[in-house]
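Asker: So the mapping is simple: my numbering equals the position in the sequence shown, first residue as 1, plus 230. Glycine included, C-beta positions come from ideal geometry on N, C-alpha and C. Predicted model only: the values in this text are computed from it and were never measured. Structure provided below as structure tokens; questions to follow.
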Amino acid sequence: MLQGIWQRLTGLWGSGEGGNGQAPSPVEPQTPPPPLEDGDYQLLFGQLLEGTSRQGWGAPEVLQYLAALGERGKMQAWTDWLLRYGERLLRAKTPDPQLTIQLLHFGQLGCGELSAVAYALGSQMQAKLTPPPAPAPAPATPQDVKGWFEQGNQQFAAEKFAAALASYQKAIELQADFLPAWVNAGLVHFHQQQYENALSAFDGALQINGENATVWFYLGCTMSILERPQLAIDAYEKCLQLQPDFVEAWQYRGLDLAKLDRFEEATTSHERAIQLKPDLVEAWFSHGNALVKLGKYGEAVTSYNQALQLQPNHLEALFNRGVALISLGDYPQALVSLDLLVQLQPDFYPAWAERGRVLLALDRPQEALVAFDSALQLNPSDATLQAARDEALNQIQN
Numbered sequence: 231m232l233q234g235i236w237q238r239l240t241g242l243w244g245s246g247e248g249g250n251g252q253a254p255s256p257v258e259p260q261t262p263p264p265p266l267e268d269g270d271y272q273l274l275f276g277q278l279l280e281g282t283s284r285q286g287w288g289a290p291e292v293l294q295y296l297a298a299l300g301e302r303g304k305m306q307a308w309t310d311w312l313l314r315y316g317e318r319l320l321r322a323k324t325p326d327p328q329l330t331i332q333l334l335h336f337g338q339l340g341c342g343e344l345s346a347v348a349y350a351l352g353s354q355m356q357a358k359l360t361p362p363p364a365p366a367p368a369p370a371t372p373q374d375v376k377g378w379f380e381q382g383n384q385q386f387a388a389e390k391f392a393a394a395l396a397s398y399q400k401a402i403e404l405q406a407d408f409l410p411a412w413v414n415a416g417l418v419h420f421h422q423q424q425y426e427n428a429l430s431a432f433d434g435a436l437q438i439n440g441e442n443a444t445v446w447f448y449l450g451c452t453m454s455i456l457e458r459p460q461l462a463i464d465a466y467e468k469c470l471q472l473q474p475d476f477v478e479a480w481q482y483r484g485l486d487l488a489k490l491d492r493f494e495e496a497t498t499s500h501e502r503a504i505q506l507k508p509d510l511v512e513a514w515f516s517h518g519n520a521l522v523k524l525g526k527y528g529e530a531v532t533s534y535n536q537a538l539q540l541q542p543n544h545l546e547a548l549f550n551r552g553v554a555l556i557s558l559g560d561y562p563q564a565l566v567s568l569d570l571l572v573q574l575q576p577d578f579y580p581a582w583a584e585r586g587r588v589l590l591a592l593d594r595p596q597e598a599l600v601a602f603d604s605a606l607q608l609n610p611s612d613a614t615l616q617a618a619r620d621e622a623l624n625q626i627q628n
């Protein structure tokens with residue numbers, strides 16, 4: 231994921247700009263890197279979710295990425311970490327809807343045990359968001375709408391998706407305005423990556439009851455995954471008309487506004503999310519990204535500082551803050567941010583590269599040379615880095 235930041239040139243992470251759909255290939259350093267810590271796993275897993283949900287990655291790209299990590303890409307270690315991370319996620323009173331959707335999507339890719347754990351975790355989070363009716367004993371063949379619906383829920387939980395859809399459809403045939411069956415049918419389609427069918431089901435639910443904020447939110451998430459940002463925004467706005475304090479809708483509305491280069495509106499949307507939930511790290515981070523796009527670097531630094539106060543090891547915020555400070559010409563503070571980043575993530579070569587350029591600007595070419603060497607060890611084919619190293623060497627020799 232951090233490589234994706236570098237590829238955007240502006241250093242912005244999560245700005246809503248599309249990728250090329252190809253999985254990045256991390257380069258192993260010549261000396262064995264240290265084992266990943268939980269924060270590293272979380273960062274890299276975020277990149278995988280970004281790639282699978284927004285850039286079209288499938289199992290080959292995911293497995294390629296993990297293989298490129300070498301010893302640190304072992305499936306068992308990743309699975310063990312996701313189990314630990316899942317325990318923390320499930321302690322949340324209200325799970326993050328977007329993360330829930332991403333986990334369920336990742337769980338359908340067939341990446342071995344890691345996908346299985348992701349799907350199980352996403353399913354548990356989904357159950358907390360939209361808990362099904364309490365199970366009740368039902369006859370072998372359901373006799374009424376409720377019986378078919380409950381059978382569908384049981385089949386859904388057992389991952390018998392075709393059977394669940396058939397049961398929900400039977401409930402709808404018996405009672406065409408039975409809203410829960412339409413909604414759950416949409417969720418089954420979503421989990422199977424049948425996004426157009428999911429849209430049809432959510433539309434059917436909204437024809438029955440157009441005042442359900444959660445269904446509008448699901449519709450928006452589906453539109454966003456289908457790269458239809460304006461339609462996603464329209465759905466989020468309808469959700470917010472019905473439930474103005476729907477924090478996630480404000481946040482994801484801002485992300486889709488940024489996709490359309492509507493950065494002023496994006497900042498306003500993220501600000502509303504922050505007003506409702508001041509400790510929402512990603513809202514502060516996304517707010518900073520939009521401000522950088524507007525050239526408001528000082529305000530962006532303030533937003534990144536807020537994100538880092540809430541989550542000091544937020545690596546993307548550290549990098550983006552460093553880039554914003556460089557734009558302000560505040561090289562000493564930029565160096566502080568980049569120094570901390572390379573301590574937390576020593577194999578992230580863009581941070582070493584930016585650190586080298588800052589040190590050159592501070593007339594410290596010897597230290598800059600060391601930074602460029604570290605970057606080149608991680609990415610030896612980067613001609614721009616080699617040119618920067620040559621410049622540092624010339625300054626030392628002259």
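Is there contact here, the segment 468–477 with the segment 485–498, by at least three beta-carbon pairs under 8 angstroms?
Answerer: Too few Cβ pairs lie closer than 8 angstroms, so no.
Asker: With a threshold of 7 angstroms on Cβ separation, who are the neighbours of E441 within its own chain once the five nearest residues in sequence on each side are excluded?
Answerer: Reading the sequence shown from its first residue, position 211 is the one you call residue 441. For E441, where only same-chain residues beyond five positions count, the Cβ hits under 7 angstroms are L472.
Asker: Can you tell me the Cα-Cα spacing of N383 and E343, whole angstroms?
Answerer: By one-based count along the sequence shown, residue 383 stands at place 153. By one-based count along the sequence shown, residue 343 stands at place 113. If I take the Cα positions, the gap works out to 24 angstroms.
Asker: Could you name the residues of the same chain whose beta carbon sits closer than 7 angstroms to that of P372, not counting the 5 residues immediately before and after it, in chain order?
Answerer: Along the sequence shown, read from residue 1 onward, the residue named residue 372 stands at position 142. If we look at P372 and ignore the five residues flanking it on each side, its Cβ neighbours are W378, Q381.
Asker: How should K523 be labelled, buried or exposed, when 16 other C-beta atoms within 10 angstroms of its C-beta is the threshold for buried?
Answerer: On the sequence shown, residue 523 is found 293 positions in, with the first residue counted as 1. Buried: at least 16 other Cβ atoms inside 10 Å.
Asker: Going along the chain, which residues of its own chain have a beta-carbon closer than 6 angstroms to the beta-carbon of L404, five neighbours each way excluded?
Answerer: Working through the sequence shown from its first residue, we reach residue 404 at position 174. These residues qualify, in order along the chain: V375.
Asker: Counting beta carbon pairs with one atom in the segment 303–321 and one in the segment 478–485, are three or more of them shorter than 8 angstroms?
Answerer: These segments do not touch.
Asker: Quick one: give me the first and last residue of the alpha helix (DSSP H) that P410 is part of.
Answerer: As a position in the sequence shown, residue 410 is number 180, starting the count at 1. Its alpha helix (DSSP H) spans residues 409–421.
Asker: For the alpha helix (DSSP H) that contains N519, what are its first and last residues?
Answerer: Position 289 of the sequence shown, counted from the first residue, corresponds to residue 519. Run containing N519: 511–523, per the alpha helix (DSSP H) assignment.
Asker: Which of the three DSSP states, helix, strand or coil, is assigned to T452?
Answerer: Within the sequence shown, the letter at position 222 stands for residue 452. Here T452 sits in helix by DSSP.
Asker: Indicate whether the contact test is met: 3 or more Cβ pairs, each with one atom in the segment 326–333 and one in the segment 288–302, closer than 8 angstroms.
Answerer: They do not touch, by the three-pair rule.
Asker: Report the option in H544, R587, P576 whose CA atom is closest to the CA atom of G565.
Answerer: For the purposes of this step, residue 565 is identified with residue 335 of the sequence shown, where counting begins at 1. A quick correction: the sequence has Leu, not Gly, at residue 565. Out of H544, R587, P576, R587 has the C-alpha closest to the C-alpha of L565.
Asker: Does H335 come out as helix, strand or coil in the three-state DSSP assignment?
Answerer: For this step, residue 335 is matched to residue 105 along the sequence shown. Helix, per DSSP.
Asker: Let's see if you can read the secondary structure: which residues bound the alpha helix (DSSP H) around F578?
Answerer: Residue numbering aside, residue 578 sits at position 348 when the sequence shown is read from its first letter. Counting along the chain, F578 falls outside any alpha helix (DSSP H), and DSSP gives it neither H nor E.
Asker: On the three-state DSSP scale, how would you describe D620?
Answerer: For the purposes of this step, residue 620 is taken as residue 390 along the sequence shown, with counting starting at 1. If DSSP states are grouped into helix, strand and coil, D620 belongs with the helices.
Asker: Roughly how many whole angstroms lie between the Cα atoms of Y561 and A496?
Answerer: Your numbering for residue 561 matches position 331 in the sequence shown. Your numbering for residue 496 matches position 266 in the sequence shown. If I take the Cα positions, the gap works out to 28 angstroms.
Asker: Nearest-angstrom Cα distance between T444 and M453?
Answerer: Residue numbering aside, residue 444 sits at position 214 when the sequence shown is read from its first letter. Residue numbering aside, residue 453 sits at position 223 when the sequence shown is read from its first letter. In a straight line, the C-alpha of T444 is about 14 angstroms away from that of M453.
Asker: Let me make sure I understand the geometry here. Which of T614, G559, F391, L558 has the alpha-carbon closest to that of W582?
Answerer: For the purposes of this step, residue 582 is taken as residue 352 along the sequence shown, with counting starting at 1. Here the closest residue by C-alpha is T614.
Asker: Taking C-alpha atoms, which residue in Y398, D407, A406 lies nearest to H419?
Answerer: Against the sequence shown, residue 419 aligns to sequence position 189. Nearest option by C-alpha distance: Y398.
Asker: Please give the ranges of any alpha helix (DSSP H) in the segment 252–322, keeping only runs that are unbroken, at least 4 residues long and fully inside the region.
Answerer: The qualifying runs are 268–284, 289–298, 305–320.
Asker: Does DSSP put P610 in a helix, a strand or coil?
Answerer: Stepping through the sequence shown from its first residue, residue 610 is reached at position 380. Note: P610 maps to coil in three-state DSSP.
Asker: Alpha carbons only, please: which of L545, L558, I438, G559 is nearest the one belonging to L568?
Answerer: Numbered from its first residue, the sequence shown carries residue 568 at position 338. Residue L545 is the option with its Cα nearest to L568.
Asker: Keeping to the same chain, check which residues put their C-beta closer than 6 angstroms to that of A537; ignore five residues upstream and five downstream.
Answerer: Here residue 537 corresponds to residue number 307 of the sequence shown, with the count starting at 1. For A537, where only same-chain residues beyond five positions count, the Cβ hits under 6 angstroms are V511, W514, F515, H544, A547.
Asker: Is L329 near the ligand ZN, in the sense that its beta carbon is under 7 angstroms from a heavy atom of that ligand?
Answerer: Within the structure as shown, the ligand ZN is missing, as the structure has no ligands at all.
Asker: Considering Cα atoms alone, identify which of Y534, V572, F602 is closest to D270.
Answerer: The residue you call residue 270 lines up with position 40 of the sequence shown. Among Y534, V572, F602, the Cα nearest to that of D270 is on V572.
Asker: What number of angstroms, rounded off, separates the C-alpha of A411 from the C-alpha of C451?
Answerer: Working through the sequence shown from its first residue, we reach residue 411 at position 181. Working through the sequence shown from its first residue, we reach residue 451 at position 221. Distance between the alpha carbons of A411 and C451: 19 angstroms.
Asker: Is the beta carbon of F408 closer than 8 angstroms to that of P327?
Answerer: The count along the sequence shown starts at 1 and reaches residue 327 at position 97. The count along the sequence shown starts at 1 and reaches residue 408 at position 178. No.
Asker: What does the alpha-carbon distance come out to for the pair S345 and F432?
Answerer: Indexing the sequence shown from 1 puts residue 345 at position 115. Indexing the sequence shown from 1 puts residue 432 at position 202. The alpha-carbon atoms of S345 and F432 are separated by roughly 26 angstroms.
Asker: For a test of the three-state rule: what should DSSP assign to E441, helix, strand or coil?
Answerer: Residue numbering aside, residue 441 sits at position 211 when the sequence shown is read from its first letter. Residue state, collapsed to three classes: coil.
Asker: Using the rule of at least 16 other Cβ atoms within 10 Å of the residue's Cβ for burial, across every protein chain shown, is N414 buried or exposed?
Answerer: Your numbering for residue 414 matches position 184 in the sequence shown. Classification for N414: buried.
Asker: Have a look at L570, L293, Y534, Q539 and flag the residue whose alpha-carbon is nearest the alpha-carbon of A554.
Answerer: If you number the sequence shown from 1, residue 554 lands on position 324. Cα-wise, what sits closest to A554 is Y534.
Asker: Assuming L623 and L599 form a contact by the criterion Cβ under 8 angstroms, report the distance between their Cβ atoms to the nearest whole angstrom.
Answerer: The residue labelled residue 623 in the question sits at position 393 within the sequence shown. The residue labelled residue 599 in the question sits at position 369 within the sequence shown. That pair is a contact at about 6 angstroms.
Asker: Quick one, are the C-beta atoms of L319 and L351 less than 8 angstroms apart?
Answerer: Position 89 of the sequence shown, counted from the first residue, corresponds to residue 319. Position 121 of the sequence shown, counted from the first residue, corresponds to residue 351. Contact flag set, yes.
Asker: Go through its chain and collect everything with a Cβ distance to V257's Cβ below 6 angstroms, but skip five positions before and after it.
Answerer: Here residue 257 is taken as the residue at index 27 of the sequence shown, counted from 1. Only weak support is given to the placement of V257: the predicted model assigns it a pLDDT of 41, under 50, and the value that follows is read from those uncertain coordinates. Here the set comprises L608, N609.
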